[in-house]
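In order, the protein sequence lines correspond to chains Z and D. Anchor point for the first sequence: position 404 equals 404 in our numbering, and the numbering is continuous, going up by one each time. Anchor point for the second sequence: position 93 equals 93 in our numbering, and the numbering is continuous, going up by one each time. Beta carbons: idealized from backbone N, C-alpha and C, even for Gly. No experiment lies behind these values; they were computed from the predicted model shown.
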Amino acid sequence: MNLFSLFRVELRRLLQSRTVLGAALLSILSLPLGNLLMIFYGSQVMSSRYILTPVLSGTTVGAVLWAAAALMEADRLQRSGVHVLADAISVPGALCAARTLALMTVSMLVVLLTALVYAPYTAEKMSYLFRPGFYSANFAVFMLPTWWISILFADAFYQLTRRVELSVVLYVLLAGVSVSGIVARDYFLRWLNPYVITYSDGFLSVWPLRIGLYTRIIWLCIALGAWTTSFLFMRRYQRGLVFSFLKSGKKLRKLLPAAVLAASGVWLWHAQPFIDHGPDSYDYADSFMMDADHTVNARCHLKVNPVTGTVSVKAEYDILVPYDGETVFYLNPGYRITKMTYGGETVSFRTIDSDLNGQRPTRFSLPSKTPGKTLLIEYSGFPAQAKYAAGSLVDDMVDRDYISLDTTSLFPRFEGYFVQTAVTDFTIPDSLTPFCNYVQMTDSVDNGDGTRTWTQNTENYIGDFTAGYYRTNTFSINDLTVDFAYGAAYQKIVVENDIEQVIIDILTYCSEHYGELWSAEDNHLLLRQESSMFMGGYAVHGVSTWFETVLAPDTLSDPDKGASATEVFIHEMIHQWWGGLGLNCADEELWSAEGLTVYSTYRLVKEKYGALYAQQYYVDMWKDAVENQNRSFYNRHPEYLELLPSVYQTSLELSNRSVNQYQRMPLMILKAEALVGGEAQMDEILRKIYADRDAFHDNKFRFSDFLNYCGLTEEDLRLE
Amino acid sequence: MNKIFYYELKRMLLGKVFPGMLLVNALYAWFILSSETIQGVSCTAPFSAWSYCSYLGRTLPLAMITVLLLLANFYSRQQRRVEVLTDATPIPVFRQIEIRTLAAGVCFLVIYLVVIALALFFYACFFRFYDFAAFVLPSAVILLPCFVFFAGVGQLLGSLHQSLIYGLMLLAFALNGIPNVFDVSGAGYFSEYPLTLPVGADMEPAFTLSAGFLAVRLLYLALGTAGVYLAAVLSARKSQNA
């Protein structure tokens, strides 16, 4: 019997097998496990809860079940004692291949069935946020390849050991690597339980699917390599592993596919375009640039391709006086420079693979005796994530509904040259609303091909470019005009929950208690929703952004939830008063803008939801965090700290700093409130501080300044 | 009788499973020491009895899986085929199971000699801590009931059906770290309980075991012993039927 005939026989048999039926049923039933056991993948967006969590639960549990089925089926002939007869009828290798391929085909049918079974429920739960294509893609990208990888590994282990229990041990060891905490945020090592940060409801996120598919292909190559290698160990003449290998290994052609497949997996791993080769943590020693005394004027043209997720740029710099000697510029490590000329002459350059903080240096030198020419740099590629942040957020990406690029993912950052003025064109899909340096862009031309080119004149560098499928509502509070930009998918939620009124409440509260908002530029404030892939929010001059889940239906329908994402929204809004270009606070070990912001959030929440709620979700939680910090062994015995590996030292320092700024300081301010005579007196002091903010523009507002305003000493605020 | 015990022990210690699993247990233990224990459990010192007990608890699921893998061999198809012969010997079934349990117990002991030696080496090298006397009693309280429970219940399930032992292995992982007195490995209990205790002058909670925890340990011990006995009864009945 040839392979195809065997495949048909095996497929028919497996479709009637109770083992396979059990694996299929349990795999289908495993999807709700993630939500039932409260193991949520990603943030609180609907597509994380109703697509990502079920699919990843089913992927992992199903992979284990299909591996078990593969082992049971592989052992079936030996178990029933007819393997000698079967080997006499057909070639053992062909039979094994036919069985594995048939099992993979059955698992593919089960994936299809699973997607169909859960589609109505998911569509009903997600309502208008449900996208059939995105839903199906998750099954195709994560579930199907992972099940196949699992089947191939299980079968390979069985061919090696010919013992079910030893195969189980080997499989558990391999699975252990994937599920262990060491690789918790590693996209590439988690072969069994793929890592996905989160999804976005408002701005379709394809990036996790791209990297998910890539890692699956890597592991499929490795698993296929292991599987084909295992054929070399297939027992011959009823002899053992070594003899069989020596017999099979003589035929080099059998080794070749295994070696090619395994090598392909390793090469793909090495050549992955998603994450750079930089260090695991941010290097704070990376100074911004050397003295930039050579000014240039720039004209840049940036074009994105949402289908491939790539960027292509043509950047021109008019250089009056070239820098004498070799200098350097930094770009996103994912880009490849295709052309570099000066005055039409090709410039030699060398890009060095020494990534740091998401940037890769390119060294070049210009002829210093030929001034007044134009430096042209053309580059393109898929923006890579900085390794230090890749496990917790996706910063630089080009997707259909969302584009986020910053600093060196946009244009080169030069050492020695200072960009005086820049005229920049961004060509993006015409459905997207762009924001350049946090401000909504206004000047555009329709290209008539589904794209629009937006132009921005800036001084110095462009630090941030974001474009998304936004809607913008404009409303006024007294003299202040507010542009409220949110994902178009959230329109219904914004209307139903009267979000505009919530914003008005916050702005009104803070204006009444601390003074009119100074940071609103020309009485204008932009409030913009971030994609949840960014994992946070920030406030800069006249702009406040916040986490996407603030508007997630689950968040807004859960008023009992303490310190929820809605309050993160309030927190970010209050940063317009404390921090950024409001009161310029120093960033010290204990003191920062966060202390005043957290305290003000607590006060607003207390007024909005009541004293009991604020006590439970703010004051009590601050006290718990501070108590745990006080009790921590290494805080009590810092002499042992140096015994810790540096990664734990850093983690402990960051944790202490966070508790100091977000919990200890608000608790100290609360104590100050009691000492100065109550909330009204503290409000008066804060109002005065905010009014005096100009005095702290250059000399930042420190903890000692706060104590002076309160008429207190550090000793007074010491916590017991 | 001793001869059979030594034979079973040799079969286990020198088989394919034990040496590899011993290495895996040692590597896993070192990983726990260098990644979790080093940070200290529940704000206590890494070398406190709390952290040490939590460390033992974290290593237990893998050790129990090793023990269950060793015991699973006695309920395999091949073993069942030779049961006709072993049943013909004058050794009672209960004694056979007792010997298996003791042999598995020695393997468990070997694993924990390595795991505990690693901890002591770790404490001495990293923290210059040598006061190990306080660890003796907690080690016995954590390890003995856990071993007896899994060995007993494992053999009971194995005598019902071999695949049930593998189910118990999954349970060993699933039950790991539940933060109350029923935590069979103790990892969750020793991570949570110190936070509920008052701290002394040195800000460390004194090491005590709650009566509830001790009672549950005794219960696990009793369940395990009952499991061994029931496994013997079931096996004896099966051999009589055969």
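Comparing alpha-carbon positions, which option in the options lies nearest residue i?
i	options	result
PRO434 of chain Z	Z:GLY42, Z:GLY58, Z:TYR470, Z:ALA552	Z:TYR470
SER35 of chain D	D:LEU144, D:ALA119, D:PHE5, D:LYS16	D:ALA119
SER476 of chain Z	Z:HIS294, Z:LEU507, Z:ALA23	Z:LEU507
GLY372 of chain Z	Z:GLY334, Z:TYR335, Z:TYR317	Z:TYR317
ASP446 of chain Z	Z:GLU459, Z:ILE428, Z:GLY463	Z:ILE428
ASN656 of chain Z	Z:TYR640, Z:ALA625, Z:GLN359	Z:ALA625
TYR229 of chain D	D:LEU170, D:VAL115, D:ASN73, D:LEU156	D:LEU156
ALA691 of chain Z	Z:THR341, Z:SER651, Z:LEU641, Z:TRP578	Z:TRP578
LEU712 of chain Z	Z:LEU670, Z:GLU516, Z:PHE364	Z:LEU670
SER380 of chain Z	Z:VAL676, Z:PRO333, Z:ALA68	Z:PRO333
ALA263 of chain Z	Z:PHE233, Z:THR228, Z:PRO273, Z:HIS277	Z:THR228
THR650 of chain Z	Z:TYR634, Z:VAL183, Z:TYR662, Z:TYR618	Z:TYR634
ARG237 of chain D	D:PHE94, D:TYR7, D:ARG58, D:LEU9	D:PHE94
GLY542 of chain Z	Z:PHE484, Z:TYR662, Z:VAL164, Z:ASP443	Z:PHE484
VAL206 of chain Z	Z:TYR41, Z:ALA259, Z:TYR135	Z:TYR135
Count the other CB atoms within 10 Å of the CB of residue i; is the residue buried (16 or more) or exposed (fewer)?
i	result
LYS339 of chain Z	exposed
LEU213 of chain D	Looking at the sequence shown, residue 213 of chain D is not Leu but Phe. Answer is buried; the Cβ neighbour count reaches 16.
MET290 of chain Z	Here MET290 of chain Z scores only 49 on pLDDT, less than 50, and its place in the model is too uncertain to base an answer on.
PHE121 of chain D	exposed
GLY152 of chain D	buried
THR114 of chain Z	buried
GLY240 of chain Z	exposed
HIS575 of chain Z	buried
ALA674 of chain Z	exposed
ARG190 of chain Z	buried
TYR128 of chain Z	exposed
LEU192 of chain Z	buried
TRP591 of chain Z	buried
ALA298 of chain Z	buried
GLU715 of chain Z	exposed
LEU719 of chain Z	exposed
ASN478 of chain Z	exposed
GLY158 of chain D	buried
PHE703 of chain Z	buried
HIS571 of chain Z	buried
ASP353 of chain Z	exposed
Which residue comes first and which comes last in the alpha helix (DSSP H) that contains residue i?
i	result
CYS221 of chain Z	207 to 230
ASP75 of chain Z	53 to 79
GLY154 of chain D	136 to 160
SER35 of chain D	17 to 35
THR732 of chain Z	The structure shown does not extend to residue 732 of chain Z, since chain Z is modelled only from 1 to 720, so the question has no answer here.
ILE151 of chain Z	144 to 161
PHE4 of chain Z	3 to 15
VAL394 of chain Z	That residue, VAL394 of chain Z, is in no alpha helix (DSSP H); it is neither H nor E in DSSP.
Interface residues of chain D around residue i at Cβ under 7 Å?
i	result
PHE706 of chain Z	The premise fails here: PHE706 of chain Z is roughly 29 Å from chain D at the closest Cβ pair, so nothing lies under 7 Å.
So which residues on chain D does residue i lean against when the C-beta distance must stay under 8 Å?
i	result
TYR648 of chain Z	ILE38, GLN39
Going along chain Z in order, which residues have a C-beta closer than 8 Å to the C-beta of residue i?
i	result
MET203 of chain D	ASN630, ARG631, ARG636
THR44 of chain D	PHE633
VAL199 of chain D	ARG631
PHE126 of chain D	LEU643
LEU69 of chain D	GLU165, VAL169
Let's see if you can read the secondary structure: which residues bound the beta strand (DSSP E) around residue i?
i	result
THR374 of chain Z	373 to 381
PHE47 of chain D	Careful: PHE47 of chain D lies outside any beta strand (DSSP E) and carries neither H nor E.
ASP483 of chain Z	480 to 487
ASP406 of chain Z	402 to 406
PHE329 of chain Z	326 to 331
Please list, in chain order, the chain Z residues whose beta carbon lies closer than 9 Å to that of residue i.
i	result
ALA72 of chain D	GLU165
Determine the chain Z residues that contact residue i at a beta-carbon separation under 7 Å, and present them in chain order.
i	result
PHE150 of chain D	Neighbours of PHE150 of chain D on chain Z: none; closest Cβ ~17 Å, over 7 Å.
VAL24 of chain D	LEU173
Taking 7 Å as the cut-off, is the beta-carbon of residue i closer than that to any non-hydrogen atom of the ligand FAD?
i	result
ILE91 of chain D	In the structure shown, the ligand FAD is absent, as is every other ligand, since no ligand is present at all.
Kindly list, in the order they appear in chain D, the residues whose Cβ is closer than 9 Å to that of residue i.
i	result
VAL84 of chain Z	By Cβ distance, chain D contributes nothing, its closest Cβ being about 17 Å from VAL84 of chain Z, past 9 Å.
Complete beta strand (DSSP E) runs within the region 417 to 475 of chain Z (minimum length 3 residues, chain order): 417 to 429, 433 to 436, 444 to 446, 451 to 459, 464 to 468
Contiguous beta strand (DSSP E) assignments of at least 3 residues, all confined to the region 273 to 323 of chain Z: 294 to 305, 310 to 319
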